[in-house]
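Written out below as structure tokens is the structure these notes cover.
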Amino acid sequence: MSIQQKAYMMLGRPVGISLMDGTGVSGILCSVHGGSIYVIEYLYHTQFATKHYTFNEVRDILPFPHCPQPQPPMPHPQPLY
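Each number in our numbering comes from the position in the sequence shown (counting from 1) with 19 added on.
Here you go:
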């Protein structure tokens, strides 16, 4: 499946993006337009930024996996007196 097809299938979802230079980014895939994908990424504190990457820069786009089922908390051992 092409990167373009993957991008359209994952619009609006959290994704991990592997770039050709060996780095990666993650965020919400917001749109596909003009040969680029637009991703909203968290910066810090309360700041987010929409960044774009051309299809030539993208090696792969992967959906975030679902969270595993939560495990019940482990009881704390009682101290021996």
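Beta carbons are placed, not taken as given, at the ideal position from N, Cα and C, and that holds for glycine.
| Query | Result |
| --- | --- |
| Taking just the CA atoms, how far does E76 sit from G53? | 14 Å |
| Measure the C-alpha to C-alpha separation of S50 and Y57 and round it to an integer number of angstroms. | 5 Å |
| Quick one, which of E60, I22 and Q24 has its alpha-carbon nearest H71's? | E60 |
| Which residues does DSSP pair with E60 in a beta bridge? | A68 |
| Cβ atoms of M20 and P82: under 8 Å apart, would you say? | no |
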